Amino acid sequence: MTWPSAAALAHIHAIILEHGYGCSVEIVTGDTVPTSASMISRGAPAIAPELWTSTVEEAWEKGIADGIVVKLGDAITDGTVEGWFIPRYVQEKHPELTSAEAVIARPDLFPDPESGDKGRLYSCPPGWACELSTSALYEAFGMSGKGWNLFSPGSGGALDASIARAFTREEPILFYYWGPTSILGKYDAVQLDLGPAKPDVYACNTDTDCTDPPGVTAYPSSPAIIGAASWLPKEAPAVAAYLAKAGLSNAQISSLLVYGDENKADAAETARNFLKTEQDVWTKWVPDAVAGKVRAFLD
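Per the working numbering, numbering through the sequence shown is continuous, rising by one, with the last residue being 348.
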């Protein structure tokens with residue numbers, strides 16, 4: 050896929066399948082909608098290592114019901130993360146700041162560099178879905194009348210740079226972010242309590258055609274699965290058994306992405322580093338003989 054965690058996972062599995070199981074492996078570039086549609090319509094590609102099914106839920110469930118695709122396991126064992134965050138060093142100084150409402154009551158602690166008498170909430174770049182959801186929550190909480198500005202960075206890189214600058218200087222910052230990502234792997238951020246997730250409210254908040262007023266809701270956790278064409282477990286049961294075990298937690302994936310970010314490494318290099326340094330993790334996914342072959346390749 051086009052984002053770092055899915056790309057790294059694809060290369061991790063490719064190395065294990067090729068050098069551990071003796072498979073012929075081809076990595077193809079994809080994205081959630083076209084990859085899932087292709088798997089459902091023609092049984093290829095064989096494997097999607099990190100498929101966020103919430104965005105293709107109806108089609109994917111029909112594909113499962115029709116026996117065309119299967120879920121082998123969870124790519125992210127504890128689900129994806131989206132929400133509002135503050136640095137832990139800020140919360141340690143102000144332990145009452147555990148919820149969005151508690152933070153909203155203290156705009157003075159998160160001053161806007163361009164308007165010091167107001168607080169600043171860092172949102173998403175224009176055009177991203179999270180820009181809609183964050184803007185809706187900003188409105189639902191009535192933050193404009195409570196001394197807050199909503200700041201939209203020009204790009205994902207600009208958002209990352211703002212977060213990195215604040216953490217490096219140990220300055221306060223309130224920001225939207227998601228995981229697994231290298232940012233959450235690198236910086237000790239605390240996710241704020243936004244209350245319960247209300248799927249209907251969230252759906253309206255992110256639908257530009259919805260006429261209901263924005264509502265307060267947490268971001269629903271999206272399942273991220275290891276999806277496969279249904280022929281795979283029938284024709285390659287050993288591969289399917291391996292992939293069924295090959296899940297990682299949000300924290301583990303964020304951690305492996307830090308290496309890629311700090312070393313400007315591509316997905317293939319990031320995968321090799323994970324396999325070299327986290328052998329106690331991935332060797333549990335495979336038989337000893339397979340692990341030995343992968344280790345021999347890495348040496």
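The C-beta atom is built at its ideal place from N, Cα and C for all residues, glycine as well.
Remember, it's a predicted structure, so these values are computed and weren't measured experimentally.
- The C-beta separation of serine 231 from threonine 126 comes to about 19 Å, leaving the pair out of contact by the 8 Å criterion.
- Bounds of the alpha helix (DSSP H) holding tryptophan 109 are 106-114.
- The way I'd put it, the segment 148-155 does touch the segment 186-200; three or more beta-carbon pairs between them come closer than 8 Å.
- Contact between glycine 132 and leucine 243 holds, with the beta-carbon distance rounding to 6 Å and staying under 8 Å.
- Straight-line spacing of the CA atoms in leucine 170 and lysine 235 works out to 21 Å.
- Counting only the Cα atoms, glycine 191 lies some 50 Å from isoleucine 64.
- By alpha-carbon distance to aspartate 261, the top candidate from Val250, Asp123, Ser271, Ala267 is Val250.
- Taking 9 Å as the cut-off, the beta carbon of tryptophan 334 is found no closer than this to the beta carbon of phenylalanine 323.
- Excluding its 5 nearest sequence neighbours in each direction, serine 303 has C-beta neighbours in its own chain below 7 Å: Gly228, Pro229, Thr230, Ser231, Leu233, Gly234, listed in chain order.
- Bounds of the alpha helix (DSSP H) holding leucine 281 are 280-284.
- In this structure, DSSP gives phenylalanine 224 an extended state, which the three-state scheme calls strand.
- The shortest CA-to-CA distance from alanine 59 to any of His143, Ile76, Ser85 is the one to Ile76.
- The Cβ atoms of glycine 309 and alanine 300 do not sit closer than 9 Å to each other.
- The criterion of a C-beta distance shorter than 9 Å is not satisfied by proline 272 and glycine 112.
- Distance from the CA of lysine 342 to the CA of glycine 71, rounded to the nearest whole angstrom, comes to 9 Å.
- Taking a contact as a CB-CB distance under 8 Å, the pair glycine 116 and serine 279 counts as one, their CB atoms being some 5 Å apart.
- In this structure, DSSP gives lysine 120 an extended state, which the three-state scheme calls strand.
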